[in-house]
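Peer 1: Here it is, the structure in full.
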Amino acid sequence: MRTGPRLRYVLLALALAAGCTKSESHDKFIPAEGRAKQALETALTAWKEGRPKEGLKMGDVGIAVVDPAWSGGQKLTAFEIVEERPGDGPRFFTVKLTTAKGPRKVTYVVLGIDPLWVYTEAEYKKVSGG
């Protein structure tokens, strides 16, 4: 799935449209830890239940997911959010996933306001240039 322009330009454009300066722009799009974790849990629960990743909501806020394994049709049978990586930027969570291909650890990145974006770290790096 292509996500369009690089993420940092999207964030900057959103911040400028909202009247923020560049220094304010990044903080505005970093959800609180609890909110970010809830968005990730909501997304992974939907995947585990076999629901599509499109149209996910957390209350009245949308959740957009960029995960090639889910998009590719892999079935999730279990997940455990192991930890949040500390830092000042987007929220990074290490998650133990169990699929038909076996268990593996994946890092997810959560950022945004509405929608809250849930990326695998590899996909986040592609769109953010990191």
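Remember, the numbering used here sits 386 above the position in the sequence shown when you count from 1.
Beta carbons: idealized from backbone N, C-alpha and C, even for Gly.
#1: By Cβ distance, which residues of its chain are closer than 8 angstroms to E507, with the 5 residues on each side in sequence left out?
#2: Pull up the DSSP beta-bridge partners for G488, would you.
#3: Could you tell me if V504 is buried or exposed, where buried requires 16 or more neighbouring beta carbons within 10 angstroms of its beta carbon?
#4: Please identify the residue among G441, G458 and T484 whose C-alpha is closest to the C-alpha of D500.
#5: Leaving out five residues on either side along the sequence, give the residues of the same chain with a beta carbon under 6 angstroms from the beta carbon of I467.
#6: Rounded to the nearest angstrom, how far is the Cβ of G475 from that of I416, given a contact under 8 angstroms?
#7: Could you say which of F465, G498, R490 and D413 lies nearest to L450 if we only look at CA atoms?
Peer 2: In brief:
#1: Same-chain partners within the cutoff: F478, V492, T493, Y494 and V495.
#2: Answer by DSSP bridge pairing, in chain order: T485.
#3: V504 comes out buried.
#4: The candidate whose alpha carbon is nearest that of D500 is G441.
#5: Cβ neighbours of I467 beyond the five flanking positions: F479 and V481.
#6: Their Cβ separation, rounded to whole angstroms, is 7 angstroms, which keeps G475 and I416 in contact under 8 angstroms.
#7: Reading off the sequence shown, one finds Ala at residue 450, where the question assumed Leu. Nearest of F465, G498, R490 and D413 to A450, Cα basis: G498.
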